[in-house]
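Presented below is the structure to which this report refers.
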Amino acid sequence: KAGVTQTPRYLIKTRGQQVTLSCSPISGHRSVSWYQQTPGQGLQFLFEYFSETQRNKGNFPGRFSGRQFSNSRSEMNVSTLELGDSALYLCASSFSGSPYEQYFGPGTRLTVT
Amino acid sequence: ILNVEQSPQSLHVQEGDSTNFTCSFPSSNFYALHWYRWETAKSPEALFVMTLNGDEKKKGRISATLNTKEGYSYLYIKGSQPEDSATYLCASVSGYALNFGKGTSLLVTP
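Below is the structure:
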């Protein structure tokens, strides 16, 4: 079974630009969650989608948004990038969300200059 | 406890030593606790999902216990090996979100 894939793996953007990250879950998984990891902060929950519906959102500004498609693939968008948005963005898929274990992708490393 | 806290922040042991780390989480409205292992340059990998008070789970040399009444979980590694070097994360479930601690970074040297 193929694992969770994320594209692109690395990205460099300039302040003020926007960016879209993509996540393809494991086949059969309908829940996709997104996390941000910055040095010293650990993994911070962004949002979770299930069957194209956002069920939970973390404490992030409205510049962070996401969506899920009918094939369970998910995208995350960050508008008006700030230097502090530089981070590793991980997505994770699971059968139907917590308490099921989550399977993480390799992440997208975003650098904002 | 409002957040998930893990201790120690880092640990350095010799090959063959046994070790353990602690995860503290909010005990009210408990639903589930996850443990993950995150090796450098890899993705976090699920170790255990624990839901019941008194739960004990084991995978090879790694085991975990859960106390939901007092809000803590212990992860034990018996006879640590260099390949056990990784960051170990715990996360409590809140709604459909996982709230992660900052992890315990374990280094096992030969």
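Top to bottom, those sequences are chains H and C.
Following the working numbering from start to finish, the first sequence increments by one per residue and tops out at 98.
Following the working numbering from start to finish, the second sequence increments by one per residue and tops out at 118.
Each residue gets a CB set at the ideal place from its N, CA and C atoms; glycine is no exception.
Tell me the DSSP secondary structure of residue i in three-state form.
| i | result |
| --- | --- |
| Gly87(C) | coil |
| Leu(-4)(H) | strand |
| Leu60(C) | coil |
Determine whether the Cβ of residue i lies closer than 8 Å to any Cβ atom of chain C.
| i | result |
| --- | --- |
| Gly13(H) | no |
| Glu173(H) | This structure cannot settle anything about residue 173(H), because the visible part of chain H is limited to -14 through 98. |
| Arg40(H) | yes |
| Gly43(H) | yes |
| Phe30(H) | yes |
Are the C-beta of residue i and some C-beta of chain H separated by less than 8 Å?
| i | result |
| --- | --- |
| Ser51(C) | yes |
| Ala40(C) | yes |
Whose C-alpha, out of the options, is nearest the C-alpha of residue i?
| i | options | result |
| --- | --- | --- |
| Phe89(H) | Ser55(H), Val63(H), Ile11(H), Phe49(H) | Ile11(H) |
| Leu74(C) | Leu41(C), Ser15(C), Lys67(C) | Leu41(C) |
| Pro16(C) | Ala105(C), Leu106(C), Cys98(C), Ser102(C) | Cys98(C) |
| Lys66(C) | Ser102(C), Ser36(C), Lys110(C), Trp43(C) | Trp43(C) |
| Leu28(H) | Arg40(H), Phe45(H), Tyr34(H) | Phe45(H) |
| Cys31(C) | Glu91(C), Thr48(C), Leu83(C), Asp25(C) | Leu83(C) |
Requested in this report: Could you please tell me which residues of the stretch 45 to 67 of chain H, in chain order, have their CB closer than 9 Å to any CB of chain C?
Outcome: Those would be none; no residue qualifies.
Query - Every unbroken beta strand (DSSP E) within the stretch 29 to 54 of chain C, with a cutoff of 3 residues, ordered by chain - result: 41 to 46
Query - Interface positions of the stretch 53 to 79 of chain C facing chain H (Cβ-Cβ less than 7 Å), listed along the chain - result: Ala54, Val57, Thr59
Query raised in the report: Mind listing which residues of the stretch 93 to 111 of chain C have their C-beta closer than 9 Å to chain H's C-betas, in chain order?
Result: In summary, the residues of the stretch 93 to 111 of chain C whose CB is separated from some CB of chain H by less than 9 Å are Leu97, Ala99, Val101, Ser102, Gly103, Tyr104, Ala105, Leu106, Asn107, Phe108, Gly109, Lys110, Gly111, in the order they occur in the chain.
Query - Segments of 3+ residues assigned as beta strand (DSSP E) that fall wholly inside the stretch 22 to 86 of chain H - result: Within the stretch 22 to 86 of chain H, the complete beta strand (DSSP E) runs of at least 3 residues are 27 to 35, 38 to 42, 49 to 53, 59 to 63, 72 to 79.
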